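Just so you know, we're using my numbering here: the sequence shown kicks off at 38 and counts up by one. What follows is a short report on a single structure.
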Amino acid sequence: MALVKYGGGITQMSGSIAGNTFARNRYGNYVRSRTKPIN
Numbered sequence: 038m039a040l041v042k043y044g045g046g047i048t049q050m051s052g053s054i055a056g057n058t059f060a061r062n063r064y065g066n067y068v069r070s071r072t073k074p075i076n
């Protein structure tokens, strides 16, 4: 489940949906592929 903050569109999103991870760092928001750990 991802947390979404709406404003003039989507202003912030964090969490995972459908294999994508939405995150934020000091440069802004970004999306990366969710990885599965390998033992």
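Cβ coordinates follow ideal geometry from the N, Cα and C atoms, glycine included. Owing to the predicted nature of the structure, the values given are computational and were not obtained by experimental measurement.
If residue i and residue j are in contact, beta carbons under 8 Å, what's the gap, nearest whole angstrom?
i	j	result
Ala39	Gly52	3 Å
Does the distance from the CB of residue i to the CB of residue j come in under 8 Å?
i	j	result
Asn66	Met50	yes
Does DSSP put residue i in a helix, in a strand, or in coil?
i	result
Lys73	coil
Ala39	strand
Sort out for me which residues DSSP pairs residue i with in a bridge.
i	result
Gly44	Gly46
Ala60	Tyr67
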